[in-house]
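Colleague:
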Ligand code: KG4
Ligand code: ZN
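Following this line, the structure appears as structure tokens:
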């Protein structure tokens, strides 16, 4: 079965052609990073305009790379939430128009569920239940997945998302956008213990919820206290701040995720979303998992960020359920 997956929820226009849920025939992604980077984050109105401009050619390239004609596609899957409203509308309107023109059916896909599903695409032996840590630019959630389509959210951020905090601190240090990869790289030359930034809500009664705004304020105060600006700050100082900040984020994500796996007696933890690309997070989570008998898995780098392949993959999975449970892409959902 061939599924075309369309992802436009944020700043990547990505289309993929996937066979039988796991065989990725093509993924074409037009990133908008160079446009948004001067603002230090995604500008929603610009994002939707760029999706509208590029979606048709990205789709044509994805079909061409896969060697597949639109006529031969079985279903068109498109992200219908959560995400930027205008960007989602561009994607689902395009998907519906494409489907109408060729008498195909559309499948609406939840972006967060697709990030989680990306791990199942690469580990065929992986089966629920799992504890999933979903960390991206817009979300930070711990989810217990009992089965496909059966999720229990056990914790989420009360303010900034983990990826968002990387982006904001990177902007503060003048390191560029997106912040995650650059903070990770700069941190390699820094001392993770140079500054003791706060690890919020570690033993709080809402023990699986997160808060990153206090950490952000603490880093801002540190920078102010030394009268630093991105221009006058030495690279060693930037590296020390970046490394100490990253360590604080990773410690919180690690502590809460592993605690959730222990409390709910689930022996597999999966990481998903853009921040799952972070090498320090992966390493510390793996080490903690090894010492506690918990299997820790994450998707390859190409499936960590937003991509059409995870949308098509989950689209295939949905076709295995009863047809009436397939969510058409008639409207934006879950906002
Ligand atoms: O999942 P994603 O591509 O888009 C959303 O759905 O938000 O995640 C993007 C986020 C950005 O905030 C980016 O800074 C972060 O993921 N990110 C990272 C790394 N690579 C991307 N954060 C930490 N370390 C990384 N290596
Ligand atoms: Zn995402």
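Residue numbers (the numbering used here): 21 to 355.
In this text, a Cβ means the ideal position worked out from N, Cα and C, and glycines have one as well.
(1) May I have the straight-line CA-CA distance separating residue 171 from residue 50, to the nearest angstrom?
(2) Which same chain residues end up closer than 7 Å to residue 38 when comparing Cβ atoms and leaving out the 5 residues on each side of it in sequence?
(3) Under 8 Å between the Cβ atoms of residue 191 and residue 60?
(4) For residue 230, which residues of its own chain have a beta-carbon under 6 Å away from its beta-carbon, when the five flanking residues on both sides are left out?
(5) Relative to the alpha-carbon of residue 237, which residue among 265, 251 and 254 has its alpha-carbon at the smallest distance?
(6) State yes or no: is the C-beta of residue 293 nearer than 7 Å to some heavy atom of ligand 1?
(7) Going by DSSP, what residues sit across from residue 241 in a beta bridge?
(8) Is residue 326 near ligand 2, with its Cβ less than 7 Å from a heavy atom?
(9) Exposed or buried, residue 28, counting other C-beta atoms within 10 Å across all chains shown (16 or more means buried)?
(10) Residue 87: buried (16+ other C-beta within 10 angstroms of its C-beta) or exposed?
(11) Do you know whose CA, among 215, 187, 196 and 212, lies nearest residue 232's CA?
(12) Which runs of the beta strand (DSSP E) fall wholly inside the region 34-68 and span at least 3 residues, in chain order?
(13) Over what stretch of residues does the beta strand (DSSP E) that includes residue 27 continue unbroken?
(14) Would you decide whether residue 156 is buried or exposed? Buried here means 16 or more other CB atoms lie within 10 Å of its CB.
(15) On the criterion of 16 or more Cβ atoms from any shown chain inside 10 Å, does residue 96 qualify as buried, or is it exposed?
(16) The alpha helix (DSSP H) that contains residue 141, what's its start and end?
(17) Per DSSP, residue 151 forms a beta bridge with which residues?
(18) Report the rounded CA-to-CA distance for residue 321 versus residue 297, giving the unit in angstroms.
(19) Span of the alpha helix (DSSP H) holding residue 183?
(20) State the beta-bridge partners of residue 172 as determined by DSSP.
(21) Taking residue 125 as the reference, give the member of 101, 93 and 132 with the closest Cα.
(22) So for residue 98, helix, strand or coil by DSSP?
(23) Identify every run of the alpha helix (DSSP H) within the region 212-287, keeping only runs that are complete inside it and at least 4 residues long; order them along the chain.
(24) So does residue 303 have its beta carbon nearer than 7 Å to some heavy atom of ligand 1?
(25) Under 6 Å Cβ to Cβ from residue 290, same chain only, skipping five residues before and after it: list those, please.
(26) Is any heavy atom in ligand 1 found nearer than 7 Å to the beta carbon of residue 371?
(27) Helix or strand or just coil, what does DSSP make of residue 336?
(28) Could you tell me which residues DSSP puts in a beta bridge with residue 126?
(29) Could you tell me how far apart the beta carbons of residue 269 and residue 185 are, in whole angstroms, since I believe they sit closer than 8 Å?
(30) Sort 202, 198, 33 and 223 by Cα distance to residue 271 and report the nearest one.
(31) Residue 196 and residue 181 - do their beta-carbons sit closer together than 8 Å?
(32) Hey, would you say the C-beta of residue 233 is under 7 Å away from at least one heavy atom of ligand 1?
(33) Between which two residues does the beta strand (DSSP E) containing residue 315 stretch?
(34) Give the secondary structure of residue 32 by DSSP, where H, G and I count as helix, E and B as strand, and everything else as coil.
Modeller: A quick look at the data gives this:
(1) 31 Å
(2) 23, 25, 44, 45, 329, 332, 333 and 336
(3) A distance below 8 Å separates the beta carbons of residue 191 and residue 60.
(4) 160 and 177
(5) 265
(6) yes
(7) Bridge partners of residue 241: none, in fact.
(8) yes
(9) buried
(10) exposed
(11) It is 187 whose Cα lies nearest to the Cα of residue 232.
(12) 43-51
(13) 22-27
(14) buried
(15) buried
(16) 131-142
(17) 164 and 289
(18) Distance between the alpha carbons of residue 321 and residue 297: 6 Å.
(19) 182-192
(20) 164
(21) 93
(22) Strand at residue 98.
(23) 233-245 and 255-283
(24) no
(25) Contacts found: 139, 150, 152 and 317.
(26) The requested residue 371 does not occur in the structure, where the chain is confined to residues 21 to 355.
(27) helix
(28) As a beta-bridge residue in DSSP terms, residue 126 pairs with 96.
(29) 6 Å
(30) 223
(31) no
(32) Relative to the non-hydrogen atoms of ligand 1, the Cβ of residue 233 never comes closer than 7 Å to any of them.
(33) 315-317
(34) It is a strand residue.
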